[in-house]
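Working notes, structure below.
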Amino acid sequence: MLKFSRNIFIAVLVLFLVFALVACGSKQEGEKKTEPIVIKFSHVVAETTPKGQAALKFKELAEQKTGGKVKVEVYPSSQLFGDKEELEALIANNVQFIAPSVTKLVGLNPQFQIVDIPFLFKSEEAALKFYQGPAGQKLLKSLEDKGIIGLAWWPNGAKHFTNSKRPLRRPEDFKGLKFRTQSGGVLEEQFKLLGAGSQTIPFGEVYTALQNKTVDGQENTFNNIDTQKYAEVQKYLTVSGHGRLDYVVLTNKTFWDSLPEDIKKALEEALAEATEYEIKLSTELNQKSMENLKKSGKLEFYYLTPQDREAFIKVFEPLYKKYESIIGKEIMDAARNAE
Numbered sequence: 394m395l396k397f398s399r400n401i402f403i404a405v406l407v408l409f410l411v412f413a414l415v416a417c418g419s420k421q422e423g424e425k426k427t428e429p430i431v432i433k434f435s436h437v438v439a440e441t442t443p444k445g446q447a448a449l450k451f452k453e454l455a456e457q458k459t460g461g462k463v464k465v466e467v468y469p470s471s472q473l474f475g476d477k478e479e480l481e482a483l484i485a486n487n488v489q490f491i492a493p494s495v496t497k498l499v500g501l502n503p504q505f506q507i508v509d510i511p512f513l514f515k516s517e518e519a520a521l522k523f524y525q526g527p528a529g530q531k532l533l534k535s536l537e538d539k540g541i542i543g544l545a546w547w548p549n550g551a552k553h554f555t556n557s558k559r560p561l562r563r564p565e566d567f568k569g570l571k572f573r574t575q576s577g578g579v580l581e582e583q584f585k586l587l588g589a590g591s592q593t594i595p596f597g598e599v600y601t602a603l604q605n606k607t608v609d610g611q612e613n614t615f616n617n618i619d620t621q622k623y624a625e626v627q628k629y630l631t632v633s634g635h636g637r638l639d640y641v642v643l644t645n646k647t648f649w650d651s652l653p654e655d656i657k658k659a660l661e662e663a664l665a666e667a668t669e670y671e672i673k674l675s676t677e678l679n680q681k682s683m684e685n686l687k688k689s690g691k692l693e694f695y696y697l698t699p700q701d702r703e704a705f706i707k708v709f710e711p712l713y714k715k716y717e718s719i720i721g722k723e724i725m726d727a728a729r730n731a732e
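The opening residue of the sequence shown carries number 394 in the working numbering; numbering runs sequentially from there.
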């Protein structure tokens, strides 16, 4: 009888342990299923900028729309990777989202030089129409063979000329001056056709270069001119809107293709709303900066007339012809004809 009771006890104990292990395994399996998809979103600017705020808005919307199935970690101000490293990090899937300056993509696809072609876009609205239209969307998809998917354009604003020597109203006014550029290529040729010199200088060193007269002028958005305090070392501002300083939101193709369709849809919706938010912030911020610069009284403003623009366009005809063969007539025409 004692032996029989012992056998029953052992059998019950074994069954208990089996059930406990199964329950534990089920719990662990359930926990694995509920682990969120982590998206690391790295960028190089401050959280207070339109891009920084839009990245945070995307995080909020993505987590909300997926019901917590996605967790977005935003790393601003080059906390993870700087300008030079973030593209490589994305391709290696060390981060899943970045939003670099469009000019950083020229090495992968020369067609992205479209934003630097002077006086191609008629207005801010025209640039947005181009980005949202077939040609702009085609450019976004052009990096898939490099393992990158373009998801959205995030406009940052139009560029305007400043300098310390004289008002810049016509092409001939640029002759003999020297300007800072962020890269060579189109920008170097732009100033060469105007009879001016150029020098590539990192963004963080521009103020000192202007102060020390290393260069006479530069080109930038109203917001950068304002926040970088260029008015302290410049005298004239020409409202030209001749080029663009915009961003593109990119993701890793392997990562994106691995996502369930419902998650992709939710992320696309979140990004669309974050993009509208970024456009609104960027527009408001540039407008506010322009007003700040006017109120400072430190800069003499000149607004290019339609006749002035035509004079510049005539000077840049050789540049348009050259880059039409590089960028493509279809894309150039789409930018030129956008309203």
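Beta carbons: idealized from backbone N, C-alpha and C, even for Gly.
- Under the rule that a run must span 4 or more residues, the alpha helix (DSSP H) segments found entirely inside the stretch 585–637 read 599–604 and 615–620.
- Contact between the stretch 652–659 and the stretch 716–725 is absent: fewer than 3 CB-CB pairs across the two stretches fall below 8 Å.
- In the DSSP secondary-structure assignment, Lys433 is bridged to Glu466.
- The stretch 525–536 makes no contact with the stretch 671–690: fewer than 3 CB pairs, one atom from each, lie closer than 8 Å.
- With a beta-carbon spacing of about 11 Å, Ile507 and Ala731 fall beyond the 8 Å limit used to define contacts.
- Note that the C-beta distance between Val465 and Gly543 is not below 7 Å.
- By the neighbour-count criterion, in which 16 or more other beta carbons inside 10 Å mark a residue as buried, Phe694 falls on the exposed side.
- The three-state reading of DSSP puts Val508 in helix, counting H, G and I together.
- Counting along the chain, the unbroken beta strand (DSSP E) around Ala545 starts and ends at Ile541 to Trp547.
- Taking C-beta atoms under 8 Å as the contact rule, Thr644 and Gln489 qualify, at a distance of about 6 Å.
- Ala704 is the residue among Lys462, Pro443, Ser494 and Ala704 whose C-alpha sits nearest the C-alpha of Leu561.
- If you compare the alpha carbons of Val438, Lys515, Glu453 and Lys628 with that of Glu479, the shortest gap goes to Val438.
- According to DSSP, Lys552 shares a beta bridge with Gly636.
- Residue range Glu654 to Ser689 is occupied by the alpha helix (DSSP H) that includes Lys673.
- When DSSP states are grouped into helix, strand and coil, Lys571 belongs to the strand group.
- Nearest C-alpha to Ala665 among Pro503, Ala545, Glu684 and Asn556: Ala545.
- Exclusion of the five residues before and after Lys452 leaves Val465 and Val467 as the residues of its chain whose Cβ lies within less than 6 Å of its Cβ.
- Assigned with DSSP and collapsed to three states, Val641 falls in strand.
- When DSSP states are grouped into helix, strand and coil, Phe474 belongs to the coil group.
- Shown here, Ser494 sits in a strand according to DSSP, grouped into three states.
- The Cβ neighbour count for Glu612, taken over all protein chains shown within 10 Å, is at least 16; the residue is labelled buried.
- For Gln504, the closest alpha carbon among the candidates Ser633, Thr676, Ser535 and Thr607 is that of Ser535.
- Asn502 sits away from Leu638, with the two beta carbons spaced by 7 Å or more.
- Out of Tyr524, Gly500 and Gln525, the CA that lies nearest to the CA of Ser576 is found in Gly500.
- The distance from the Cβ of Gly590 to that of Phe584 is about 7 Å, consistent with a contact at the 8 Å cut-off.
- Val599 places its beta carbon 7 Å or farther from that of Arg559.
- The C-alpha of Asp726 lies about 12 Å from the C-alpha of Ile510.
- Ranked by Cα distance from Gln621, the options Ser682, Ala448 and Ser494 are led by Ser682.
- Assigned with DSSP and collapsed to three states, Phe694 falls in strand.
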